[in-house]
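K.L.:
Residue numbers (this note's numbering): 2 to 259.
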């Protein structure tokens, strides 16, 4: 049987799931080998078979500002660095009303941003979405199958989609989350070009995590949320109708498909 590469796209929209899958694959190399898989690696390494990549379709700024508009070009370059065809591609998707605020908050801890409220109309009307990203991945990678996992996704579900048949002990490392009051403080510091030492930031983060939180810094109103959820539902229907595409992990998927 032809050896194939299998990819987990740990895009910004995957949140903590990407880190959990990476930790599990790293600690489960022997178990992957027992199941008949090659090495799990980060990025497009020719010697690997199971790949996890956080920038295959673009990073946080690409997602928020352009909805991964250069995904096809990035995926094409990724495929060119592999030594065999692509088998499975696994990617998590989030509803747009959750995804855009999450991306804004992720960027807001490292760079000064305009208030989220000023971008909501443009984000609601943006024509590009998950359906176009999946089309780009099909065109660039020519995989046997793309498995789309609508959030929320358990680590076990992601692993069942990526490496069916492998018995891995799912690892879920603790990841720091930033409260809205901390992000507001960081935005003030960033606009003032003030840099704090890591220990200072850690203490401030712990302090803000204990404080009452006000209205969310990033979010949509009721009508905008309704429009975005309808758009997401339509996009999922469109994705489900694509050839060589599946919504959700098949827990009974045979290892012979690897």
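Just so it is clear, CB atoms sit at the ideal spot from N, CA and C, and this is done for glycine as well.
Could you give the DSSP three-state label for residue 263: helix, strand or coil?
P.N.:
For residue 263 there is no data in the structure shown, the boundaries of the chain being 2 and 259.
K.L.:
Taking C-alpha atoms, which residue in 16, 248, 7, 243 lies nearest to residue 104?
P.N.:
The residue among 16, 248, 7, 243 with its C-alpha nearest the C-alpha of residue 104 is 16.
K.L.:
Does the stretch 155 to 170 come close enough to the stretch 182 to 190 to have 3 or more Cβ pairs within less than 8 Å?
P.N.:
no
K.L.:
Quick one, are the C-beta atoms of residue 6 and residue 51 less than 9 Å apart?
P.N.:
yes
K.L.:
Classify residue 89 as helix, strand or coil using the three-state DSSP reduction.
P.N.:
The answer is strand: DSSP assigns residue 89 an E or B state.
K.L.:
From residue 9 to residue 93, what does the alpha carbon distance come to, in whole angstroms?
P.N.:
Roughly 9 Å separates the two Cα atoms.
K.L.:
Please identify the residue among 131, 95, 236, 144 whose C-alpha is closest to the C-alpha of residue 85.
P.N.:
Here the closest residue by C-alpha is 144.
K.L.:
Taking the alpha carbon of residue 95 as the point to measure from, which residue in 203, 152, 18 has its own alpha carbon closest?
P.N.:
152
K.L.:
Distance, Cα to Cα, residue 77 vs residue 71?
P.N.:
10 Å
K.L.:
DSSP state of residue 69, grouped into three classes?
P.N.:
Residue state, collapsed to three classes: coil.
K.L.:
Could you check where the beta strand (DSSP E) with residue 7 kicks off and where it finishes?
P.N.:
6 to 10
K.L.:
Measure the alpha-carbon distance for residue 47 versus residue 204 and round it to whole angstroms.
P.N.:
42 Å
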